[in-house]
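Engineer: One structure, as structure tokens, below. Some questions next.
4 protein chains.
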Amino acid sequence: MIVNMASTATPDEINHVIERIRECGFQEHVIYGEERTVIGAVGNSNRRSEIEALRAAPGVADVIQIAHPFKLVSRQLRQARTIVDVRGVKVGGDELVVIAGPCSVESEDQLMETAHAVKAAGADMLRGGAYKPRTSPYDFQGLGVEALRFLKHASRETGLPIVTEVMSETDVEIVAEYADVLQVGARNMQNFSLLRKLAPVSKPILLKRGPSATVKEWLLAAEYLLSGGNANVILCERGIKTFETATRNTLDLAAVALVKELSHLPVLADPSHGTGLRSLITPMSKAAAAVGADGLLIEVHPCPERALSDGPQSLDLGGFAQLMIALGKQPRRDAKAA
Amino acid sequence: MIVNMASTATPDEINHVIERIRECGFQEHVIYGEERTVIGAVGNSNRRSEIEALRAAPGVADVIQIAHPFKLVSRQLRQARTIVDVRGVKVGGDELVVIAGPCSVESEDQLMETAHAVKAAGADMLRGGAYKPRTSPYDFQGLGVEALRFLKHASRETGLPIVTEVMSETDVEIVAEYADVLQVGARNMQNFSLLRKLAPVSKPILLKRGPSATVKEWLLAAEYLLSGGNANVILCERGIKTFETATRNTLDLAAVALVKELSHLPVLADPSHGTGLRSLITPMSKAAAAVGADGLLIEVHPCPERALSDGPQSLDLGGFAQLMIALGKQPRRDAKAA
Amino acid sequence: MIVNMASTATPDEINHVIERIRECGFQEHVIYGEERTVIGAVGNSNRRSEIEALRAAPGVADVIQIAHPFKLVSRQLRQARTIVDVRGVKVGGDELVVIAGPCSVESEDQLMETAHAVKAAGADMLRGGAYKPRTSPYDFQGLGVEALRFLKHASRETGLPIVTEVMSETDVEIVAEYADVLQVGARNMQNFSLLRKLAPVSKPILLKRGPSATVKEWLLAAEYLLSGGNANVILCERGIKTFETATRNTLDLAAVALVKELSHLPVLADPSHGTGLRSLITPMSKAAAAVGADGLLIEVHPCPERALSDGPQSLDLGGFAQLMIALGKQPRRDAKAA
Amino acid sequence: MIVNMASTATPDEINHVIERIRECGFQEHVIYGEERTVIGAVGNSNRRSEIEALRAAPGVADVIQIAHPFKLVSRQLRQARTIVDVRGVKVGGDELVVIAGPCSVESEDQLMETAHAVKAAGADMLRGGAYKPRTSPYDFQGLGVEALRFLKHASRETGLPIVTEVMSETDVEIVAEYADVLQVGARNMQNFSLLRKLAPVSKPILLKRGPSATVKEWLLAAEYLLSGGNANVILCERGIKTFETATRNTLDLAAVALVKELSHLPVLADPSHGTGLRSLITPMSKAAAAVGADGLLIEVHPCPERALSDGPQSLDLGGFAQLMIALGKQPRRDAKAA
């Protein structure tokens, strides 16, 4: 770490910082510049946060962290890419993995129709919301356990593994019982209590990027899972909040490429939430594949205009089939009923 | 609601929308313009979300919600301002309420020293984190229940009511036992499971605005609490994420004024998180008071440079006393040991 | 247009709006809803802005513009895609057009070396800054006319058309004399005086999106050029400002796809400025091609670490050749010395 | 400056950086850390930008600028606050300066009526747009020179100095002839050609912050004016672009306080553009005064609903008089017809 002293810092203030650096088990390296003094803190102490806190000390302009704050998610630690195996579907491998299904599970019929259609078109996994995080308390909140049962049934019928969101710490157990991959929604990315509950779960976690999370914050959220014992983490970029209102969010594909540089974890993109506009799903899916995303999360509904949530950003069954052709995806031969 | 048809919409597409409007229990009002057709859906049906979903129907350019989506939080429903009474401290009344204390409770001594000092300087309530939402799993995560006990003790000694954050659904009961006000942190503003757990609690809730939440999303989060039965909600603006990096966040004081127009709930401002810079706390506190905020949340630490969290945005004890003088606040005469 | 009356609007306020609508040459269509009244203004009057101004009238909650505000740039007006022909290079046609070169023209040698190399690798046009918009007045401001001469020379030697930025209204004439395409930089996107000066110029204009411009604002800036007489406008997405600091900007590829839906103008992407990071240029170039961009703007420098501007986001000559291979671009056979 | 080497940097890469640092006239200070090497470049050379360019050198992770990049605007250079004297009105002195008037000058009557009213209410200067930067080419673009003449007339009648925007380099001379203060609009903040034209002008410049400009970029834009010879610069915060759509912009009052820390220049706030909502002008004006702004820019129109621009964010004459009372402003006794 580098402590950047203010140009007005006094010798006493500089000495105080040096003392604190030593107290915390680091060695100081002082650079007296023309305008200001800069002090490096070198060493392997675990009291880094105390050096950071010196930002609050008199005469200190800034404390600059030199190293990345994440460890287990980092490619520095682990060069080999993580491949998350979901009942035979390899996320992070050579093939683009497509996860498709309705935003909300609305009925058994709606789900089964979608499941069969997306499977026929070549999807690798089925998604569907049982518990729905809705901006308004007056909107449809999901069918809960009933939806989990429908998902299980659809999985048995089609052989597709299931991805579904868990919103509540108290639902972790039940969702883990039914789902193959537990999704943490964007708005819960920094729900650290939920992350801690998910760390010991034996199923993979799909961690969506928060709508205002930096790449660093996102990777640190994943670090909660890895440091808690769950190495099977799949990241998913789903758009960030910006001033642009023509799209629902701004899908940050550079973040996908950057995370693949910084981390060994697989990264998906969600062009449905990322754009909010059906017509942009296909071009952005192709772009996500080209940028190196390991897969896609696509909302599909048999009749989007009657969807209980996210209709405008859902493809209908035919639209999804066309997307898969555009992506050059083939129906999986190996997917069998479980 | 207004359904805005695309300029290319066919008569069939227009008729389809009209049929759906009728099916959902609304009456249609069609305006045939020069360029495009616009269809109003009028009535009192509870199937509004189905009209919104028509955005996904062929030939529809957009569906525009005319009315505000929130109800119980709205001043339209309730003209009288809500005053939340916290053991005699009236939040939303005539007086500016100042809530002060350390970011994290680090030890009994640190807390007691701070509590006595902020009380002497005129603070109305004591804040302090027992459970800490930290970006990195390697940072100090709070003392938990032990900190709650220290807070209770400090409250007994000083007579100041306690505000502390609850991060986990499973901690709601214990936090409610010790705290006078339960805080929902910014990153949990849309943790709807937590909100639902808090709705039946008999203690007031302090709901911070999420770093990327619009005013509308913030008020709808409060709506979760009110519609669930908890009318004692205090809102708190704490800065939003923007491109500006000179400050930690951008404190959106216009949102404070706007929320006071839209809602009857009291609104606080948090210039510590809102700016991240100690030197800006006093000017922004004065600005918040001038804009009509009902109170302030201020981080105070006996020795900010040794704080386990948020030192750079914490005032020391003397700095807080000076702030209170700048604000014209007097020590409370009525605050007695409980 | 739709005038959305406040729920508290009085009959007088409603009547006043109706009168104004009539005065301005429109016909009113009133929808009396349960909660509020909504008034459509229908007709073909050119006094739309006066209806918009009613947002300021008593009892009015909002005025909603239904139609897109742009005309000549719109695909509604012109279905056929515009192809801008730059000395034989067709921008907006079937082939991905790559425009490459140094951020700043620093010397004749630097430019000639780059020009020959990018041509050999398959670039279609040469870019290079003669006049540089620099955040600090103390940074290198460009070689001006001398650089224009070098560019002309490089164009003669390689046959590549020249793209260079014009920053000042008073330089329009001289830049138009040397350049094949005149670039309007991102920070000048809403320099309407410059746009008006460029409208009558007979050379094509490359209009970069401003770092905080919405798609609507960007298209309206292009509308200044088209309505002023210059139909040869090439748009270029170069990243928007967001809270994310890991990349210099956030390259908004969905905007590229969206603009291709809304407008007939060709759209390029600039992954150099869009990311600020050399390692992201290749993945984001591939993504831009996949999303449907008509071309790319790439910064290339013989020795990026000695570049007078934008080194970290510049490819070196070998890196550019590799990018072209990754994109499947072949050296142009038809490009001959002029 | 600090060159932060990648953890994978080789000794050759480190040596190369050291050589470049020496070549550029700096002295290196190498800190070999546990994980990575950090190299300080110390000295007084004017080749700083070449060190920054090393970010592009192999093995370099980052180059961190330690010192602020601005000089003449900085309080480090000049402790005494700049007071800009505009025909006796002292901007940056003890009194809050209020500049009021219509967004656009629409007619002599409209302007004169406003001018007399704002003077009577206590305004210190008159604002009014002669040249209007409008998002759409089809919107009212201002009356140009005719408006300048009206402004001069209004100034003569009321004694109020005139603030008006200059949009074009070619209008600088004529605007400087009529106006007392030349305004650079937000969208032209980084129109460096315009800034350079304004630097030698003998009249004060009011420099608005760009909607996506960081504080650093804003101060560097001012640095263009000061380094070019114009020391009479007044800054004006007018709101930045964020995801929030309930207000037109987000008025960043912390930036006002921060700029007063960093710079000796006076800073105004513009709550009209900053919020876009008439009802927020008074609370945000009071907040701006409380935060330490040196003055306010307020849009006032005799009949906002008929304004040719910005009606919804304009106060009417009575509303402005009430604002002045709320601010405790008295009509100026010393303002006499010139």
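Protein chains in written order, with our numbering: chain Y, 32 to 369; chain V, 32 to 369; chain H, 32 to 369; chain U, 32 to 369. Every residue gets a Cβ at the ideal spot worked out from N, C-alpha and C, and that includes glycine.
Quick one: is Met198(Y) near chain V, going by C-beta distance under 9 Å?
Structural biologist: Interface residue, yes.
Engineer: Name, please, each residue of chain U whose Cβ falls closer than 7 Å to the Cβ of Glu66(Y).
Structural biologist: What Glu66(Y) touches in chain U: Ala98.
Engineer: Does Glu323(H) get closer than 9 Å to chain Y when you measure Cβ to Cβ?
Structural biologist: First, the residue type needs correcting, since residue 323(H) is Gly and not Glu in the sequence shown. Cβ-Cβ to chain Y under 9 Å: yes for Gly323(H).
Engineer: List the residues of chain U whose Cβ lies closer than 9 Å to the Cβ of Gly74(Y), in chain order.
Structural biologist: Near Gly74(Y) (Cβ distances below 9 Å), the residues of chain U are Gly64 and Glu65.
Engineer: If you draw a straight line from the C-alpha of Thr276(H) to the C-alpha of Ser316(H), how long is it?
Structural biologist: One C-alpha to the other measures close to 20 Å.
Engineer: Run the CB neighbour count on Thr245(Y), radius 10 Å, all protein chains shown included, and call it buried at 16 or more, exposed below.
Structural biologist: Thr245(Y) should be labelled buried.
Engineer: Where do the ends of the beta strand (DSSP E) carrying Gly71(U) lie?
Structural biologist: Residues Thr68 to Val73.
Engineer: Any beta-carbon of chain U closer than 9 Å to the one on Thr195(V)?
Structural biologist: Closer than 9 Å: no.
Engineer: With a threshold of 9 Å between beta carbons, is Glu208(Y) in contact with chain V?
Structural biologist: So, not an interface residue.
Engineer: With C-beta atoms as the reference, is Val73(U) less than 9 Å away from Gln96(U)?
Structural biologist: The answer is no: Cβ separation not under 9 Å.
Engineer: Is it the case that the region 229-245 of chain V contacts the region 256-269 of chain V, given that we only count it when at least three CB pairs across the two stretches are under 8 Å?
Structural biologist: Judged by Cβ distances under 8 Å, the region 256-269 of chain V makes contact with the region 229-245 of chain V, as three or more pairs qualify.
Engineer: For Lys367(Y), is the classification buried or exposed, using 16 other Cβ atoms within 10 angstroms of its Cβ as the cut-off for buried?
Structural biologist: Confidence at Lys367(Y) is low in this model, with a pLDDT of 48, below 50, so its placement is unreliable and the value that follows should be read with caution. It counts as exposed.
Engineer: So, helix, strand or coil for Val128(U), using DSSP?
Structural biologist: Strand at Val128(U).
Engineer: Determine whether the Cβ of Thr306(V) lies closer than 9 Å to any Cβ atom of chain H.
Structural biologist: With 9 Å as the cut-off, Thr306(V) does not count as an interface residue toward chain H.
Engineer: Going by C-alpha to C-alpha distance, which of Glu65(U), Gly71(U), Asn77(U) and Ala84(U) sits closest to Ser76(Y)?
Structural biologist: Ser76(Y) has its Cα closest to that of Glu65(U), out of Glu65(U), Gly71(U), Asn77(U) and Ala84(U).
Engineer: What residues in its chain sit with their C-beta under 6 Å from that of Val322(H), if we drop five residues either side in the sequence?
Structural biologist: Correct list, in chain order: Leu284, Val287 and Ala288.
Engineer: Would you say Val246(V) lies against chain U (beta-carbon separation less than 9 Å)?
Structural biologist: So, interface residue.
Engineer: Quick one: what's got a C-beta closer than 6 Å to Arg112(V)'s C-beta in the same chain, skipping five residues either side?
Structural biologist: Around Arg112(V): Gly123 and His295.
Engineer: So, do the region 39-48 of chain V and the region 88-107 of chain V have three or more beta carbon pairs nearer to each other than 8 Å?
Structural biologist: Touching, yes.
Engineer: Taking the alpha carbon of Gln19(Y) as the reference point, which residue from Gly342(Y), Ile329(Y) and Ala338(Y) has its own alpha carbon closest?
Structural biologist: Nothing in the structure corresponds to residue 19(Y), since chain Y is present only between 32 and 369.
Engineer: Anything in chain U within Cβ reach of Ile33(Y), meaning under 8 Å, just list it in chain order.
Structural biologist: Correct list: Ile33, Val69 and Ile95.
Engineer: With a Cβ-Cβ cutoff of 9 Å, do Glu144(U) and Pro335(U) count as a contact?
Structural biologist: Contact flag unset, no.
Engineer: When the Cα atoms are used, what is the spatial distance from Asp140(Y) to Gly305(Y)?
Structural biologist: In a straight line, the C-alpha of Asp140(Y) is about 27 Å away from that of Gly305(Y).
Engineer: Using a C-beta cutoff of 9 Å, does His295(H) count as contacting chain V?
Structural biologist: Not an interface residue.
Engineer: Taking the beta strand (DSSP E) that Ala262(Y) belongs to, which residues open and close that run?
Structural biologist: Premise fails: Ala262(Y) is in no beta strand (DSSP E) and is neither H nor E.
Engineer: Please state whether DSSP places Ala369(H) in a helix, a strand or coil.
Structural biologist: Note that Ala369(H) scores a pLDDT of 40, beneath 50, so its modelled location is shaky; the value from the coordinates is reported in the next line. The answer is coil: DSSP assigns Ala369(H) none of H, G, I, E or B.
Engineer: Can you name the residues that DSSP bridges to Thr39(V)?
Structural biologist: Beta-bridge pairing links Thr39(V) to no other residue.
Engineer: Which value, in whole angstroms, describes the spacing of the CA atoms of Pro192(V) and Val115(V)?
Structural biologist: When rounded, the distance between both Cα atoms is 13 Å.
Engineer: From Ser135(H) to Met156(H), what does the alpha carbon distance come to, in whole angstroms?
Structural biologist: Ser135(H) and Met156(H): Cα-Cα distance of roughly 15 Å.
Engineer: For Glu292(U), would you say it is in contact with chain V, using Cβ-to-Cβ distances shorter than 9 Å as the test?
Structural biologist: Yes, contact with chain V.
Engineer: Cβ of Ala366(V) less than 9 Å from any chain H Cβ?
Structural biologist: Bear in mind that a pLDDT of 47 at Ala366(V), under 50, signals an unreliable position, so the number given afterwards is only what the model happens to contain. Chain H contact via Cβ: absent.
Engineer: Residue range of the beta strand (DSSP E) that Leu213(H) falls in?
Structural biologist: Val212 to Val215 is the span of the beta strand (DSSP E), which, as asked, contains Leu213(H).
Engineer: Between the Cα of Val34(U) and those of Phe223(U), Asp93(U), Tyr63(U) and Asp202(U), spot the shortest distance and give me the residue it belongs to.
Structural biologist: Answer by Cα proximity: Asp93(U).
Engineer: Any chance the region 244-260 of chain U sits against the region 166-181 of chain H, with 3 or more Cβ pairs inside 8 Å?
Structural biologist: With the cut-off at 8 Å, the region 244-260 of chain U and the region 166-181 of chain H touch.
Engineer: What residues in its chain sit with their C-beta under 6 Å from that of Ala152(U), if we drop five residues either side in the sequence?
Structural biologist: Only Phe351, Ala352 and Met355 meet the Cβ criterion.
Engineer: Could you pull the DSSP bridge partners for Val197(V) from this structure?
Structural biologist: Bridge partners of Val197(V): none, in fact.
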